[in-house]
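All the letters of the sequence shown, read from the start, carry residue numbers 17 to 164 under my numbering.
Worksheet: the structure to be examined is printed underneath.
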Amino acid sequence: MAVRETSPRARQRAASQDGSISIGKSSMIGNTVRAKIGGRLTALSYPPQETAKLSRASRAPAEMRRLRAPPSQSLELEHVYGYNGHTRQNLQRVGNSTCLFSLGCLGVVYDTESNAQKIFSGHTAEVTATAFCDVTRMAATGQKTRDG
Numbered sequence: 017m018a019v020r021e022t023s024p025r026a027r028q029r030a031a032s033q034d035g036s037i038s039i040g041k042s043s044m045i046g047n048t049v050r051a052k053i054g055g056r057l058t059a060l061s062y063p064p065q066e067t068a069k070l071s072r073a074s075r076a077p078a079e080m081r082r083l084r085a086p087p088s089q090s091l092e093l094e095h096v097y098g099y100n101g102h103t104r105q106n107l108q109r110v111g112n113s114t115c116l117f118s119l120g121c122l123g124v125v126y127d128t129e130s131n132a133q134k135i136f137s138g139h140t141a142e143v144t145a146t147a148f149c150d151v152t153r154m155a156a157t158g159q160k161t162r163d164g
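Given below as structure tokens:
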């Protein structure tokens, strides 16, 4: 009868024997990292030179902290392309040349004359409802909760 070790250290030893590297809650096999991103298990492929960096960093806590730090630059969303046709009443007329629609977790007010968009990004999940009130000129969007 064989006894199997189940401690985290034992799992790390077993993983290192098959050529994989444990990085926090993710694991790297070859040049592919498997990790949970947004609650989904995802496989990311890295170029060989980046794989060597991750391999070294997994053995140096200070280097791992540096790699996990947020970037110094930030991105700004300028324009949204596409349309979500999977939800009902997703397109609301706001004015003569303006409409409201949702795409992913964004609410978008689009002016067709100027080709300008106002993007509202406060949702954490897919927007499943849009509404507009002509009297108050207010728009509202709603998202699906985790419970459904």
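By construction, the Cβ of each residue, glycine as well, lies at the ideal position given by its N, Cα and C atoms.
DSSP, read as helix, strand or coil, puts ARG153 in coil. For ALA73, the uninterrupted alpha helix (DSSP H) segment begins and ends at 64-73. Residue pairing for TYR126: DSSP places it in a beta bridge opposite CYS115 and GLN133.
Taking C-alpha positions only, ALA155 is separated from GLN105 by approximately 13 Å. Burial state of TYR99 is exposed, judged by a 10 Å Cβ sphere holding fewer than 16 other Cβ atoms. Around GLU129, the same chain offers SER113 as residues with beta carbons nearer than 7 Å, after the five sequence neighbours per side are excluded. Inclusion of VAL124 and VAL96 in the CB contact set at 7 Å is warranted, their separation being smaller than that value. Scanning ARG81, THR157 and VAL151 for the CA closest to the CA of LEU116 turns up THR157. Contact check for GLU79 and ALA73: beta-carbon distance about 4 Å, within the 8 Å limit, so the pair qualifies.
Boundaries of the alpha helix (DSSP H) around ARG84: 77-84.
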